[in-house]
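These notes concern the structure reproduced below.
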Amino acid sequence: MEPDKKVQSPEKATALSVEDRAFLQEVVERDRVEHHGRVSYMDILFEVEHRYGNFLPGEVLREVARLVGTSVAQLNGFVTFYTMLSTKPRGRHVIRVCTSGPCHVTGAPAVMAELERLLGVGEGETTPDGAFTLEGSSCLGICGVSPALMIDDDAYGNLTPKDLPGILAAVRAGGAQ
Amino acid sequence: MEMRTLHVKINGRDYQVPDGSTILEAASAYANIEIPTLCYLEGISEEGACGVCVVDVKGTRNLPRACLTKVSEGMEIWTNTARVREARKINVELLLANHPTDCFTCERTENCDLRDLASELGVREVEFPRTRTEWLPIDNTSLSLVRDPNKCILCRRCVNVCAKVQSVYAIDIAGRGSNSTVSTFLNEGLGNVECVNCGQCLLVCPTGALTERSEIPDVWKVLGDPDKIVVVETAPAVRVAIGEEFGMPDGTQATGKMAAALRSLGFNKVFDTDFSADLTIMEEGFELIGRIKNGGTLPLITSCSPGWIKFAETFFPGVLDYVSSCKSPQQMFGTVTKTYWAEKMGFDPRKIVVVSVMPCTAKKFEKERPEMKTAFHYWQEKMSLKDEEAFNDVDFVLTTREAARMIREAGIDFANLPDEDFDKPLGESSGAGVIFGATGGVMEAALRTAYEVLTRKSLPRLDFEDVRGLEGMKSATIDIDGTPLRVAIANGLGNARILIEEVQKGESPYQFIEIMTCPGGCLGGGGQPLSNNPDIKKRRAEAIYREDAGKPIRKSHENPEIQEIYKDFLGEPNSEKAHHLLHTTYHDRSGE
Amino acid sequence: MKSLEELKRIKEETLKAMDLRQAKDRGKIVVAMGTCGIAAGAKDTLMAVIDELDKAGVHDVQVVQSGCMGLCDREPTIEVSMKDQPSVIYGDVDDANARRIVREHVQGGQVVAELVIKRGNL
Amino acid sequence: MIRNQLLICAGGACITSGEKSVKDVLVEELAKNGIQDEVQIIETGCMGACDLGPIVVVYPEGTFYQKVTPQNAGPIVSEHLVKGRVVSGLLYRQPTSETRAQTREEISFYTLQVKRVLRNCGVIDPLSIEEYIARDGYFGLGKALEIGPDAIIQTIQESGLRGRGGAGFPTGIKWKAARDASGSPKYVVCNGDEGDPGAFMDRSVLEGDPHSVIEAMVIAGFAIGAATGYVYVRAEYPLAIERLEVALTRAREYGFLGRNILGSGFDFDIEIRIGAGAFVCGEETALLRSIEGKRGMPSAKPPFPAQAGLWGKPTLINNVETYANVPPILINGAEWFRSVGTAKSPGTKVFALAGKVQNTGLVEVPMGTTLRELVFDIGGGIPGGKAFKGAQTGGPSGGIITADYLDMPIDFDSVKELGTIMGSGGLIILDEDNCMVDVAKFYLAFTVDESCGKCTPCREGTKQMYQIMERITDGKGTPNDIGKLKTLGRVIQQTSLCGLGQSAPNPVLSTIRFFPDEYRAHIEDRKCPAHACLHLLTYSVVSEKCVGCTACARQCPVQAITGQVKKAHVIDQATCIKCGSCYEVCRFDAILKE
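Residue numbers (my numbering), protein chains in the order written: chain A, 45 to 221; chain B, 523 to 1114; chain C, 43 to 164; chain D, 352 to 945.
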């Protein structure tokens, strides 16, 4: 039986540009020199993810693995272990709704449902215009103002469904809270 | 340093046990207790993942793992308490809960570690339901290996052998918790990543999660086709292992029975890869002499192991010019059969089907390499063949296991078959051809020929002891009638990498290096029968060297059929024609 | 390079600056700016305090940020310490309350009782 | 002459709850009693406590009347202002003691606290190293450099400080082991992964007082002979990372980090490493693998990190809160530290009060404080007058402390007897409306998600337990499910490789132990006493009370309710999705929810 043809992963088509390679080289070297010759993986991946719109394309991961001197399989294992890193394209802003205990009992399900309604996407999905990705999250450590969520690095607490349109509009307009 | 011993109690009896040994080692070596294990693989995979080897230790609330826990002075170990039995059984049941129940059709129905363990521990019913809702897709992208993640119990043996022994790191665990899987980069499949097809992962897999890409149906088909001339070649390391599949003692030389069995399967001609091993020695020996004499690039590195070739192309493209341009014996055989033999017998090459039986899974990838259609190009003008009619030099590759499966399927009572010989002319071989199957064998075979060609004197002693042995790396200085030849031998790509890094830096002290992808050489290949005997490689190596010692001719250049092919067809070694038919090229894969 | 003696000197100086009695300032407002505070709107509270002080032309009251004071439930929380008066910690200090505290407590010297969650510093 | 002021909350919530007419009633009453010009009515902005509105506060006494309506506003004037008698019915009822709190300040959130770890949080500006120094910052380091490594370790040992990360392992022993371990270089690591749901004390310390952790790590580095420290902070805390970075830079400028610290010849520097959403990285060996750029997979112990940690080198790893205790111990000595807490668990513990409690937030109390003090005196009791049912401690690795043990002093060892653990200090308060089976299932779902997947018992076992719990809450439980849960729980506890797996069954086993009848109700009667498990809820019409007003039928989203006007209606149990809207809308109490 014929083996499946080589699957041409989408990212492969977009070979890395010269700027991409230079950028990755600079990031890896910076994080290597500063830290006693050892490489701080997470700093590299967060910075790279930030540049490529909240996700790590295959071709970029391949180059990072080469620069860092690890195998692509090991880096793939690393990236797929941590929920905040993503190998699938995500929106410009990542909404993480805390679905943990304290938030759950004070209204997180209602906040999530309302966001799904407002954005028209389910949990784990990205809005068609690429603005938001909606995700559930483990405890964000702001239980005193539960139910809470974070959009990128900004936290919003004491939420009720009716606060959400305002927050989304503010973030869409580029203003953090 | 005198070994300090500790006093421990195992199941109520006292023992003195070397400091530093684990409970598992102590119980097995001193108390005749074989504590069951599943994910443990000594020296390679010691992660304590499966939780089967747990024991009771006085004073601990939990059940420590015997494979990981080192003994301490006065430790009291109980290997069979009620909570130990319960824990082992439940941990196996938890694995069985999500395991497919298709034992009847599974490749590993006769030798599955999970199945043996379940029956050993008396698991009679699995009371846990499936928790994995969807079935994962089969990875079918590799020419050599097939991965079924649904049968994977995440013991991590394959990941560890690929990393620690082969240093290829083609696979690792991806995802987390109950949706963890063994995966390639972005799950692109073994066929699309750095995997060199060596199959060492398959050898250590306790279940049917990893199997070879089977070509049995294709071979049955051609065997049944009357107008095809189906030729089989058998690799040196197959004859000393195939007996294990039929209950014969480890290390049996089953050469004659193998030839008889294959003939009764219906192969028109039963030839021997040892013949083309001798041919390889001629080509490679003279290549070495050429490089030494005319200051060519040294060290010369052997090229018969396809896993090593893909490894070099992927990780060390810079050293490709050091690698011998000779094809492997399997590929030389295919070319010779469809050119020299076809002409000699007046057969239409398109009707000849070459099937090879190999101890190796990477050979299935090698035969599909684009460069391996030399016979077709040889005949293209002569027979004005169209490009679409192109055919490979070698059509199908069966692992030792697959050949045994076909012999069983045909109902042949292998163990009691009377011995038969290989057919002429491509069945004739020397002792040097046979020892290709062991690490150091190619080196010794080449030295036997090179010595006599270089010095024009007969070899004082045939056996080069210091290149033999199963150690991962060996080096030696061979005296070629006064001129020293520094050689090195590595088996297992982790060891090879050390030698190759020296070559890459231009600091390699050697002139000739033999590299075998698999630990022990081809006798330890990914296509060999699965065995739990820790000394299996030693038994197979002894058998190979016994076969060599018993051969009337023991130097490749004295093989009459070899002398004849040069006389009638090739001219001299490394001739223009020989170069065109028996040599190949490599290409840089690091970017893929 | 700091040594132990310098450490002591820095301590004395900073204490003086922090201690309202010596400090030139008439008072200090500390706004709890932990993530929980910010999530509860502490940034608006900070802006309101600063804005209200400017409107009232007050320039001798320090406005400083700090971490969470503990009672996240009542955040945003602020601490108002006026010269020679015990400091007071207020809870639920949204924009309006912040302005009211500046008007009544900082300017009017009248503690806004219903917003107090603790008298005396932490 | 104005002798009283009536402050009426004119905030958004209060207006909607009918405040406007309360003011009219008060104005009329004042006029009726002829004291309209002695009492001034002032409308104020929102007073914050919206669920208590509308609010009227009488000054100067500051008497705080809540839930004032036009019907009950009258006595404020006739009783309180005219006769000077407080209208006790309207006072803010201090939930614990029967006497109602007169004024707002008597909220007891801060009274019983002893702030040591949180000493600077909310007090100093975290970005000002000078303010930290002003509160004895880095004097602990100065003293440590004077007395030398052995004396430091002895002080820590004598103080009896135990790890605040959850296990309570004696810190002194850990430091001693790291010091005695051969092999170099050595590392000091701070565990700031804090993944426990409901725990946020590490964040508060890192955001409010980052220097205390830095100082402690330098002391630790000096004590064990390390030159490099790593603070591992989860990426969910961007502000904590930001402030820590500023603090590190300031500390370097002041010579508390880098080369020749305080002229002692000792070099030490700290770098930040961030986690990225993996609760298991709170386990120390998993955290170390994560720093090394590997998957956060725990490895078996021994070897302990003190012998072979980061890159196989001796590594000291402690939690943020543990480190925050170190500088004060060095400054004030072991006896000072022991002066508070219990003999075996000295010092204080920071709890994160959350769930069904009035005052949620961070409280730091001496070890040995009772649950009653925590929940009622400090926490302000259970809102809505509900009954306390239990306190969940230790997050997904812990269990429930029930009402029978309200007066049990909480410390590392006492909680263990109840089959739970201290954990990082998350304390989720549960009341009568919480279903214990649902809470246990919720925590188990968390562990199933966060298990690293390396070892069979935890990877496969917790998922099997979860499926059993799901069956029970779906009303498909069978009698031997309890036995299965106990067996599975036992095997998972005994054969999991790390703390996550070993403690994953605790929530289930603890709720089985303390609430067996609740499990029996779910399994045998197919009923959820707390009405939390939707699948077990049934809504039915009490035909006697139903007047056929059809309100419920119109409200029902799935048209499960049928019946003519003025006739008793019926709910079809098959289509009913248990959303409860009929129960909400029925004004005749004719819907039975059970």
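Idealized CB from N, CA, C, for every residue including glycine. Keep in mind the model is a prediction, meaning the values are calculated, not measured.
In this structure, how does DSSP classify D:Q453 when only helix, strand and coil are distinguished? Confidence is the limiting factor: at D:Q453 the pLDDT is only 38, short of 50, which leaves the residue's position unreliable, though a coordinate-based value still follows. Coil.
Item checked: Inter-residue Cα distance where the pair is D:T447 and D:K737 -> Caution applies to D:T447, whose pLDDT of 39 falls short of 50 and renders its modelled position unreliable; the value that the coordinates give is listed next. Each residue's alpha carbon lies about 12 Å from the other.
Note to self: Could you check whether D:L704 and D:G668 sit closer than 9 Å to each other, using their CB atoms as the reference points?
What the structure shows: First, the amino acid is wrong: residue 668 of chain D is Ile here, not Gly. Cβ distance not < 9 Å, so D:I668 and D:L704 don't count as in contact.
**Asked** So, does the CB of A:M248 fall closer than 9 Å to a CB anywhere in chain D?
**Response** Nothing about residue 248 of chain A can be read from this structure; chain A reaches only from 45 to 221.
Check your understanding: Cα-Cα, which of D:L441, D:K466 and D:F939 is closest to D:F702?
Key -> Closest option to D:F702, Cα to Cα, is D:K466.
| request: Please report how far the alpha carbon of B:R761 lies from the alpha carbon of B:V841, in whole angstroms. | output: Whole-angstrom Cα-Cα distance: 33 Å.
request  = For the alpha helix (DSSP H) holding D:Q853, just list the boundary residues, first then last.
outcome  = In the DSSP annotation of this structure, the continuous segment of the alpha helix (DSSP H) that includes D:Q853 starts and ends at G850 to S854.
- Item | Within chain E, partners of C:D115 - CB distance below 9 Å | Absent from the structure: chain E. Protein chains present are A, B, C and D.
Check: Can you list the beta strand (DSSP E) stretches of 3 or more residues lying completely in the segment 873 to 899 of chain D, in chain order?
Finding: Scanning the segment 873 to 899 of chain D for uninterrupted beta strand (DSSP E) segments of 3 residues or longer gives 890 to 892, listed from N- to C-terminal end.
Going straight from the alpha carbon of D:S696 to that of D:M552, what length do you get?
D:S696 and D:M552 have their alpha carbons spaced roughly 19 Å apart.
- Task: From the DSSP output, in three-state form, read off D:L357 for me.
- Result: If DSSP states are grouped into helix, strand and coil, D:L357 belongs with the strands.
Item to check | Distance between B:M854 and B:C848 (C-alpha atoms, nearest Å) | outcome: Going by the C-alpha atoms only, they are around 9 Å apart.
*Are B:L1015 and B:F887 close, meaning C-beta to C-beta below 9 Å?*
Contact: no.
Residue-level contact to chain B via CB, A:D64, 9 Å cutoff = Output row for A:D64: interface = no.
Based on the DSSP secondary-structure assignment, which residues constitute the bridge partners of C:V73? Bridge partners of C:V73: C:Q107 and C:I120.
Notebook entry, point to check: What did DSSP end up calling B:K580 once you bin it into helix, strand or coil?
Noted result: Note: B:K580 maps to coil in three-state DSSP.
Step through the CB atoms of chain D and report whether any lies within less than 9 Å of the CB of B:I1002. With 9 Å as the cut-off, B:I1002 does not count as an interface residue toward chain D.
| query | Taking 9 Å as the CB-CB limit, is A:V116 close to chain B? | reply | At least one CB of chain B lies nearer than 9 Å to the CB of A:V116.
Practice task
Please state if the CB of B:G1049 and the CB of B:C826 are separated by a distance shorter than 9 Å.
Solution key: No; because the gap between Cβ atoms is not below 9 Å, this pair is not in contact.
Would you call A:A59 buried or exposed, if buried means 16 or more other Cβ atoms sit within 10 Å of its Cβ?
A:A59 sits exposed, since fewer than 16 C-beta atoms from the chains shown fall within 10 Å of its C-beta.
Practice problem: Along the beta strand (DSSP E) that carries B:D694, what are the first and last residues, could you check? | Solution: Per DSSP, the unbroken beta strand (DSSP E) holding B:D694 starts and ends at D694 to A696.
Q) So, is D:I874 buried or exposed, given that buried needs 16 or more other C-beta atoms within 10 angstroms? A) D:I874 comes out buried.
request  = List the DSSP bridge partners of B:W600.
outcome  = The partner list for B:W600 (beta bridge, DSSP) reads B:D578.
request  = Compare the C-beta of C:T11 with all C-beta atoms of chain A and state if any pair is closer than 9 Å.
outcome  = Residue 11 of chain C is absent from the model: chain C starts at 43 and stops at 164.
Closer than 7 Å by beta-carbon distance: list the chain A residues that pair up with D:Y588, in chain order.
By Cβ distance, chain A contributes G185.
According to DSSP, is B:K996 part of a helix, a strand, or is it coil? In the three-state reduction of the DSSP assignment, B:K996 falls in the strand class.
Cβ shell of C:R161 (< 7 Å), same chain only, five flanking positions each side left out: Around C:R161: P128 and V130.
For the beta strand (DSSP E) that A:F176 lies in, which residues bound it at each end? That run of the beta strand (DSSP E) goes F176 to S181.
**Contact set between C:A10 and chain A, taken where Cβ atoms lie within less than 7 Å** = In this structure chain C extends from 43 to 164, so residue 10 of chain C is not present and cannot be described.
Q. List, in order along the chain, the chain C residues whose C-beta lies closer than 9 Å to that of D:K466?
A. By Cβ distance, chain C contributes G112 and L164.
| request: Taking C-beta pairs closer than 7 Å, name the residues in chain D that C:V56 reaches, listed in chain order. | output: Inspection of the sequence shows that residue 56 of chain C is occupied by Thr rather than by Val. Contact annotation for C:T56 against chain D: E481, E482, I484 and A485 [CB-CB distance below 7 Å, chain order].
Note down, in chain order, each residue of its chain lying with its Cβ closer than 7 Å to the Cβ of B:E595, except the 5 sequence neighbours on either side.
Non-local C-beta neighbours of B:E595 in its own chain, meaning closer than 7 Å and more than five positions away in sequence, comprise L528 and H529, ordered along the chain.
Original post:
Does any CB atom of chain D fall closer than 9 Å to the CB of A:Y85?
Top reply: Yes, because at least one Cβ of chain D sits closer than 9 Å to the Cβ of A:Y85.
message = So that I know if they touch, is there some Cβ in chain D lying closer than 9 Å to that of C:Q127?
response = No Cβ of chain D is located within less than 9 Å of the beta carbon of C:Q127.
Margin query: Between the alpha carbons of D:V936 and D:C903, how many angstroms are there, rounded?
Written below: Rounded to the nearest whole angstrom, the C-alpha separation of D:V936 and D:C903 is 6 Å.
* chain C within 9 Å of D:T447, Cβ atoms only -> Any reading at D:T447 must be qualified, since the residue scores a pLDDT of 39, below 50, and its modelled position is unreliable; the value itself is stated next. False, the Cβ-Cβ gap to chain C never drops below 9 Å.
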